[in-house]
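Chain order of the listed sequences is A and B. Each residue of the first sequence is one higher than the one before, counting from 18 in my numbering. Each residue of the second sequence is one higher than the one before, counting from 15 in my numbering. Yeah, the Cβ is synthetic: ideal placement off N, Cα and C, and Gly gets one too. A short worksheet on the structure shown next.
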Amino acid sequence: MVKSQGIIMLTILMFVLATIFVKGFSGYFNLVTLLRNTATLAILAQGLTFVIILGKMNIAVGSIMSITGIIIGKLMAMGVPTSLTLVLAAGSGAFIGMISGVLIGRFKMDYWIVTFSIMGICSGIALVLSDGGNIPASDQLIMAIGNIQVGDNLLPIIPIIMMLVITLVMHFILRYSKFGSDLLSVGGSEKTSALSGINTTRIIVLAFAISGVLASVSGILVTSKANIASPIAGVGYEFDAIAATVIGGTPFIGGKGTVIGSTFGALLTMMIRNILNLIGMPQPIQYTTIGVIIMIILVLNAISTKYEKERQRG
Amino acid sequence: MILRQTNPEHSVSMLIYKYSRLILLLIVIVTMSILRPTQFLTFSNFFTVITSQAPYLFIISCSMTLAILISGIDLSIGSVLALSSCVGGYYIVKGHIVFGMITALIIGALIGLVNGLLISQLNLHPFLATYGMNWIARGLAYTFMGGQMFYLFPEKFRLISTAQIGDISISLLIAAVVFAVLWFFTMRTTFGREMYMVGRNADAARMAGVNNTRIVIVVFITSGILAAFTGLLFVARLNAAEATIGSSFNLMTIAATLVGGTQFGGGKGSVARTVLGVLIVLFIQNGLNILNVSSLWQDVVIGIVIILSVLIERVGAYLNDRAIERAAQVQ
């Protein structure tokens, strides 16, 4: 069982330090934006957490976000009712995730190469559908998902509620359902699980489908924030989501993990981005800085994994 | 090679699998020749693809092939190409040609070294290490350029890409030299043999006394240098350096390597196969251009090509297993 107290403490500490030392961090508007961005990333990271618990990876989640936005824009332009559009958009994420899951679980293809190719395919299709530019995706319902007017302020209430609900649901699935325990078992050892009668292919396909759906939900949130669908909206999000998951305490070796940790990991990741913005670091250097920070986290994770393996062996 | 020893019967399906890459290339060429004979099946079209597109893609695909052969991958090559050619271009544009070129190659080598260290010393998965490096190097390239672009490079420098010997472009000759050198080192030296051992089974190689760390680091440094070198050739040809170039190379080079028949798991394949892979990828791309398919489709098609190559590999492994079973039953 992975404890998520560490990450929660770290996030609180970071929050307190940022409030004290970073000018503008505790401003009302900034905190609202931070929460909104966290919701998007947290939901994405939840799905990825399931995949990483399997000991696998879905690097295509960012591109699924992009394609979801474009699908919404396209369907709305065709006159499909918005509510149906949203369902179809989420369904497309599930479908893409399922394809990856089948290739990986059924055909035993390498998950890196499959999801990397799917990433190319999805971002390519998003560009083709949108003809390379932004397309409008605005509507009362979509605007309401992004913002609800409370008094004089626009608040991202729905994204925050969704983040909380999804985190709780995913937590219960992981800890208290048959699927959750099968997931942990397959992540621990695929062979042993198959021998003990678990349909490993089904678990793998489901986990990838879940990560696809949640990526689409994040895609919907990003679209609703901007009221416009961009074919590159999700570029780079996969990296943040990997970081959030790993910071949250789900190691790459698989077989264990924590959903709640991933949500706090997302908050921490977004806080780092937010702070870099507030101290006025130019965008290009931010790429590099965030890259370096994430790499350090991954390296620390890799070292601790190596250490743990050696301890188990010795 | 194991294939031939363990498979006594050359069934039709086995033969098809074995030559699947050549068949694929032929299918692409024949299909296009039927669809657009006047535009595709001309000497000048083939000549353009082979002499002015293939060399660049081939050299940078060798980076990817080497990394994949040792069971790794190098997703940083696109950004390494951009960063090294931008920093190198800064000096070259001012007239310090040799210094600029050396700087570019050193940057490529340094990033390769960091990749190699992260992977071999810290056990970071090659995918993660190089994907992270991709973001870092791209960010550095953007920072360095600050939104501007270098152009009007010295003619003397541009010769590395534009010179012609007879009808043959110098870039084709350079690619041939790169191929010859890499082929020699991978197929005819102890280092090459050790490389394949690490790719097949890293633990077994270590137990057999191979210095895995050295292999991984050397391969990633080579990969970085080749990427930087391609960047220089590119800048010389385009007569411009900017931070955005090379971003499509990650997918393209993986496709060229895998569709050529190098296996993703490592240890099986060669730079010679990548020659075939590069031609397949380029003729597909060329065909799509001639068919007036939007270039936006490129990544989609390349992604599908990669997945199909890996699927063909799985089918081949399945056929091989079945052949072994059958051979065992006969005995």
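- Under the 9 Å criterion on CB atoms, residue 309 of chain A is classed as interfacial with respect to chain B.
- DSSP places residue 170 of chain A in the uninterrupted beta strand (DSSP E) bounded by 170–172.
- Exclusion of the five residues before and after residue 129 of chain A leaves 74 and 76 as the residues of its chain whose Cβ lies within less than 8 Å of its Cβ.
- Taking C-alpha positions only, residue 256 of chain A is separated from residue 153 of chain B by approximately 14 Å.
- The C-beta distance from residue 271 of chain B to residue 78 of chain B rounds to 5 Å, short enough to fall under 8 Å.
- Taking the beta carbon of residue 134 of chain A as reference, the chain B residues within 9 Å of it are 265, 268, 269, 316, 317, 318, 319, 320, 321 and 324, listed in sequence order.
- With contact defined as three or more Cβ pairs closer than 8 Å, the segment 176–184 of chain A and the segment 258–269 of chain A are not in contact.
- Comparing alpha carbon positions, the residue from A:152, A:209 and A:127 closest to residue 87 of chain A is A:152.
- Residue 139 of chain A and residue 102 of chain B have their C-alpha atoms spaced approximately 34 Å apart.
- According to DSSP, residue pairing for residue 167 of chain A in a beta bridge involves A:170.
- Secondary structure note for residue 51 of chain B: its alpha helix (DSSP H) is the uninterrupted segment 51–54.
- Per the DSSP secondary-structure output, residue 60 of chain B pairs with nothing in a beta bridge.
- Contact check between the segment 176–185 of chain B and the segment 256–274 of chain B: fewer than three CB pairs, one atom from each, fall below 8 Å, which does not count as touching.
- Around the C-beta of residue 176 of chain A, 16 or more other C-beta atoms lie within 10 Å, and the residue is accordingly described as buried.
- Residue 224 of chain A is outside the set of residues whose beta carbon lies under 9 Å from a beta carbon in chain B.
- For residue 69 of chain B, the uninterrupted alpha helix (DSSP H) run begins and ends at 68–83, by DSSP.
- Residue 222 of chain B sits in coil when the DSSP states are folded into three classes, being neither helix nor strand.
- Just so you know, the alpha carbons of residue 46 of chain B and residue 53 of chain B end up roughly 9 Å apart.
- Against chain B, a Cβ distance below 9 Å from residue 301 of chain A picks out 152, 153, 154, 155, 156, 157, 158, 159, 160, 161 and 257.
- The C-alpha of residue 100 of chain A is placed about 34 Å away from the C-alpha of residue 216 of chain A.
- Residue B:275 holds the alpha-carbon nearest to the alpha-carbon of residue 287 of chain B among B:44, B:275 and B:279.
- When the beta-carbon positions are compared, residue 110 of chain A and residue 236 of chain A come within less than 9 Å of each other.
- Sixteen is the threshold: since fewer than 16 other Cβ atoms of the shown chains lie within 10 Å of the Cβ of residue 221 of chain B, the residue is exposed.
- Counting every other CB atom within 10 Å of its CB across the protein chains shown gives residue 282 of chain B a total of 16 or more, marking it as buried.
- Residue 134 of chain A is bridged by DSSP to nothing; it lacks a bridge partner.
- Assigned with DSSP and collapsed to three states, residue 162 of chain B falls in coil, not helix or strand.
- Note that the C-beta distance between residue 151 of chain B and residue 96 of chain B is below 9 Å.
- Shortest Cα-Cα distance from residue 109 of chain B to any of B:60, B:165 and B:93 involves B:165.
- For residue 91 of chain A, the closest Cβ of chain B is not nearer than 9 Å.
- Contact between residue 98 of chain B and residue 126 of chain B is absent: CB atoms are separated by about 11 Å, not below the 8 Å threshold.
- Three or more Cβ pairs closer than 8 Å define a contact, and the segment 41–49 of chain A falls short of that threshold against the segment 188–208 of chain A.
- Annotation for residue 286 of chain A: 257, 260 and 261 place their beta carbon closer than 6 Å to its own, counting only its chain and skipping 5 residues before and after.
- Contact annotation, residue 273 of chain B with residue 259 of chain B: C-beta distance approximately 23 Å; criterion of less than 8 Å not satisfied.
- In this structure, the alpha-carbon of residue 27 of chain B lies about 25 Å from that of residue 122 of chain A.
- If one requires a minimum length of 4 residues, the alpha helix (DSSP H) runs lying completely within the segment 164–224 of chain B are 169–176, 184–202, 204–214 and 216–221, in chain order.
- In the three-state reduction of the DSSP assignment, residue 254 of chain B falls in the strand class.
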